[in-house]
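Only one structure is covered here, and it is reproduced in the block below.
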């Protein structure tokens with residue numbers, strides 16, 4: 001009985017060893033060949049690209065735009081809050097260098113003082129000149145009265161004396177009239193000078209007041225509540241030590257984080273496939289488990305060259321559908337743009353496709369055939385098979401050992417088209433050769 005149990009145990013062990021050997025030998029034998037099934041169903045054509053989040057709407061934090069009126073063109077940022085700082089309306093965002101405007105302010109103060117002094121001097125001069133003219137008029141009026149009295153008293157004098165007195169009166173009256181006209185003109189001239197200098201004084205006063213108002217704007221404050229995001233410039237992000245132009249004095253932005261968009265760049269080969277309104281699946285590098293959706297809202301018409309790249313790309317803007325408090329500007333996104341979707345088609349992995357003579361596409365079937373296929377649309381992983389395969393067929397994803405000398409099983413429809421094209425090409429070549437031969441014959445006859 002004991003021996004019987006021993007034999008049974010040995011037999012079981014032998015069977016187990018055999019089964020394990022068959023399992024591992026089978027696994028090792030098949031491990032060199034990787035297969036994939038031909039699938040049939042819905043197929044998506046998609047383009048993937050990385051992008052960067054930014055707010056759909058942002059409020060710009062501006063420095064003093066009016067500084068350019070006073071010939072202050074470039075302004076240095078002396079200090080600035082850190083990017084990402086949460087601020088309230090009225091909080092100080094940045095302090096700008098005021099030294100250049102201070103210089104302009106000092107010059108304007110000097111101009112104002114000079115114009116005021118000039119105005120006061122003109123007032124004095126005008127008062128003196130007009131007083132002299134008035135005194136002269138008074139003297140001439142007295143002279144006229146005196147001449148009139150002399151004339152009246154000479155009624156019984158000889159005619160020559162009367163004539164002389166009449167002449168003297170006329171001359172005195174003429175001198176008086178000329179003095180009055182001269183006074184009127186002088187007064188108008190002096191008034192015009194005073195108006196001109198007075199206007200210059202007011203202009204200098206106004207400019208000085210405006211400079212002082214602009215000077216206050218060199219302390220940049222938040223126009224509303226929000227998170228500070230540095231503005232991008234040619235040399236990178238604007239920060240403390242950077243310069244801003246008075247023609248575009250944007251220091252930073254306060255983005256509306258409730259609505260975001262991803263800005264991405266698509267190469268010139270794929271851009272023709274991108275259309276506004278296409279659905280986009282969005283992933284976030286910062287939150288791998290978070291999935292968002294969006295749609296293409298803008299496709300640039302003009303390409304551009306990105307830094308450190310020779311390829312031309314086109315900017316594409318994708319609006320994010322969801323509002324998420326975790327989203328922040330400058331986060332990296334992975335965008336999958338669905339450019340087309342076709343139903344009930346057969347498709348295989350791209351690795352299954354081989355090319356013969358740069359013109360015939362084929363696959364290796366598990367049944368040993370080297371089958372030509374007609375290809376359709378493709379995405380990053382799979383490609384549509386329009387002719388040549390059936391659902392459930394198994395294809396090699398690598399080249400099998402038997403494939404070297406195996407002929408390609410051509411598709412009848414495609415082979416017929418190829419033959420027709422080849423025949424037409426041969427006929428065209430023969431016609432060209434015939435024409436060339438006839439031309440040579442004609443030239444020889446012409447020489448004879």
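Residue numbers (UniProt numbering): 1 to 448.
Just so you know, even glycine gets a beta-carbon here, dropped at the ideal spot from N, CA and C.
On the three-state DSSP scale, how would you describe residue 159?
-> If you number the chain shown from 1, residue 159 lands on position 159. Note: residue 159 maps to helix in three-state DSSP.
Roughly how many angstroms separate the alpha carbons of residue 221 and residue 74, rounded to a whole number?
-> Locating residue 221 in the chain shown gives position 221, where the first residue counts as 1. Locating residue 74 in the chain shown gives position 74, where the first residue counts as 1. Cα-Cα distance, rounded: 19 Å.
In the structure shown, what three-state DSSP assignment does residue 353 receive?
-> Here residue 353 refers to the residue found at position 353 of the chain shown. It is coil, neither helix nor strand.
Beta-carbon proximity of residue 53 to residue 260, cut-off 8 Å = Counted from its first residue, the chain shown places residue 53 at position 53. Counted from its first residue, the chain shown places residue 260 at position 260. Contact flag set, yes.
Which residue's Cα is closest to the Cα of residue 152: 166, 143, 160?
-> As a first step, residue 152 must be located in the chain shown, where it is residue number 152. Of the listed residues, the one whose Cα sits closest to residue 152 is 166.
Run the proximity test for residue 146: is its beta-carbon closer than 7 Å to any non-hydrogen atom belonging to the ligand GDP?
-> Looking for the ligand GDP in the displayed structure turns up nothing, as the structure carries no ligands at all.
Just the C-alpha distance for residue 93 and residue 331, rounded to the nearest angstrom, thanks.
-> Reading the chain shown from its first residue, position 93 is the one you call residue 93. Reading the chain shown from its first residue, position 331 is the one you call residue 331. Distance between the alpha carbons of residue 93 and residue 331 is about 23 Å.
DSSP-derived helix/strand/coil call for residue 409 | Within the chain shown, residue 409 is the residue found at index 409, counting from 1. Annotated three-state conformation of residue 409 is strand, per DSSP.
Length of the line joining the Cα atoms of residue 106 and residue 90 | Translated into positions along the chain shown, residue 106 becomes position 106. Translated into positions along the chain shown, residue 90 becomes position 90. In a straight line, the C-alpha of residue 106 is about 29 Å away from that of residue 90.
Do you know how far the Cα of residue 333 is from the Cα of residue 58?
-> One-based indexing of the chain shown puts residue 58 at position 58. One-based indexing of the chain shown puts residue 333 at position 333. If I take the Cα positions, the gap works out to 20 Å.
Coil, strand or helix - residue 397 by DSSP = Locating residue 397 in the chain shown gives position 397, counting from the first residue. Correct three-state label for residue 397: coil.
Residue 228: first and last residue of the uninterrupted beta strand (DSSP E) it sits in = For the purposes of this step, residue 228 is taken as residue 228 along the chain shown, with counting starting at 1. Element bounds for residue 228: n/a, residue is neither H nor E.
Flag this pair as yes or no: are the beta carbons of residue 119 and residue 214 separated by less than 8 Å?
-> Within the chain shown, the letter at position 119 stands for residue 119. Within the chain shown, the letter at position 214 stands for residue 214. Not in contact: residue 119 and residue 214 (Cβ atoms no closer than 8 Å).
Given residue 100, which residues of its chain have a CB within under 7 Å of its CB, disregarding the five upstream and five downstream residues?
-> Here residue 100 refers to the residue found at position 100 when the chain shown is read from its first residue. Correct list, in chain order: 72.
Taking the continuous alpha helix (DSSP H) assigned at residue 119, which residues delimit it?
-> Within the chain shown, the letter at position 119 stands for residue 119. Residue 119 -> alpha helix (DSSP H) spans 99-153.
What's the gap between the Cα of residue 146 and the Cα of residue 183?
-> Taking the first residue of the chain shown as 1, we reach residue 146 at position 146. Taking the first residue of the chain shown as 1, we reach residue 183 at position 183. Approximately 22 Å between the Cα atoms of the pair.
Using beta-carbon positions only, say whether residue 372 and residue 410 come within less than 8 Å of one another.
-> The residue labelled residue 372 in the question sits at position 372 within the chain shown. The residue labelled residue 410 in the question sits at position 410 within the chain shown. Yes, Cβ-Cβ distance for residue 372 and residue 410 is below 8 Å.
What residues match up with residue 54 in a beta bridge as DSSP calls it?
-> Position 54 of the chain shown, counted from the start, is the residue given in the question as residue 54. Beta-bridge annotation (DSSP): residue 54 is paired with 261.
Quick one: give me the first and last residue of the beta strand (DSSP E) that residue 291 is part of.
-> Locating residue 291 in the chain shown gives position 291, where the first residue counts as 1. Taken as a continuous stretch (DSSP letters only), the beta strand (DSSP E) holding residue 291 covers 291-299.
Can you tell me the Cα-Cα spacing of residue 232 and residue 238, whole angstroms?
-> Locating residue 232 in the chain shown gives position 232, counting from the first residue. Locating residue 238 in the chain shown gives position 238, counting from the first residue. C-alpha separation (whole angstroms): 6 Å.
Give every residue of the same chain whose Cβ lies closer than 6 Å to the Cβ of residue 172, excluding the five residues on either side of it in the sequence, and list them in chain order.
-> Start at 1 with the first residue of the chain shown, and residue 172 comes out as number 172. Around residue 172, the same chain offers 143, 144, 147 as residues with beta carbons nearer than 6 Å, after the five sequence neighbours per side are excluded.
Residue 47 to residue 402 span [Cα, whole Å] | By one-based count along the chain shown, residue 47 stands at place 47. By one-based count along the chain shown, residue 402 stands at place 402. Looking at the two C-alpha atoms, the distance is approximately 36 Å.
N-terminal and C-terminal residue of the beta strand (DSSP E) that residue 89 is part of | In the chain shown, the residue the question calls residue 89 occupies position 89. No beta strand (DSSP E) contains residue 89, which DSSP labels as neither H nor E.
First through last residue of the beta strand (DSSP E) which encompasses residue 376 | Along the chain shown, one-based indexing puts residue 376 at 376. Looking at the DSSP string, the run of the beta strand (DSSP E) that includes residue 376 is 374-378.
Cβ-Cβ separation, residue 137 to residue 192 (assumed contact under 8 Å), whole Å = Residue 192 sits at position 192 when you count from the first residue of the chain shown. Residue 137 sits at position 137 when you count from the first residue of the chain shown. The C-beta distance from residue 192 to residue 137 rounds to 21 Å, too long to meet the 8 Å contact threshold.
CA-to-CA distance, residue 323 to residue 263, given in whole angstroms = Translated into the one-based positions of the chain shown, residue 263 becomes position 263. Translated into the one-based positions of the chain shown, residue 323 becomes position 323. Taking the CA atoms as reference points, residue 263 sits about 17 Å from residue 323.
Quick one, are the C-beta atoms of residue 376 and residue 385 less than 8 Å apart?
-> In the chain shown, residue 376 corresponds to position 376, counting from 1. In the chain shown, residue 385 corresponds to position 385, counting from 1. Yes, these two residues count as a Cβ contact at 8 Å.
Look at the Cβ atom of residue 395, then the Cβ atom of residue 365, and state whether they are nearer than 8 Å.
-> Residue numbering aside, residue 395 sits at position 395 when the chain shown is read from its first letter. Residue numbering aside, residue 365 sits at position 365 when the chain shown is read from its first letter. Contact flag set, yes.
Just mark residue 104 as buried or exposed, buried being the case when its beta carbon has 16 or more other beta carbons within 10 Å.
-> Here residue 104 is taken as the residue at index 104 of the chain shown, counted from 1. Around the beta carbon of residue 104, a 10 Å sphere encloses 16 or more other beta carbons of the protein chains shown; the residue is thus reported as buried.
Can you tell me where the beta strand (DSSP E) with residue 319 in it begins and where it stops?
-> As a first step, residue 319 is located in the chain shown; it is residue number 319 there, counting from the start. For residue 319, the enclosing beta strand (DSSP E) starts and ends at 312-320.
By Cβ distance, which residues of its chain are closer than 8 Å to residue 235, with the 5 residues on each side in sequence left out?
-> Taking the first residue of the chain shown as 1, we reach residue 235 at position 235. 242, listed in sequence order.
Whole-Å CB distance - residue 65 paired with residue 77, under 8 Å assumed | Residue numbering aside, residue 65 sits at position 65 when the chain shown is read from its first letter. Residue numbering aside, residue 77 sits at position 77 when the chain shown is read from its first letter. About 15 Å separates the beta carbons of residue 65 and residue 77, which is beyond the 8 Å limit, so they are not a contact pair.
Could you tell me which of 296, 337, 185, 288 sits nearest to residue 327, measuring between CA atoms?
-> For the purposes of this step, residue 327 is taken as the residue at position 327 of the chain shown. The shortest C-alpha to C-alpha distance from residue 327 to any of 296, 337, 185, 288 is the one to 288.
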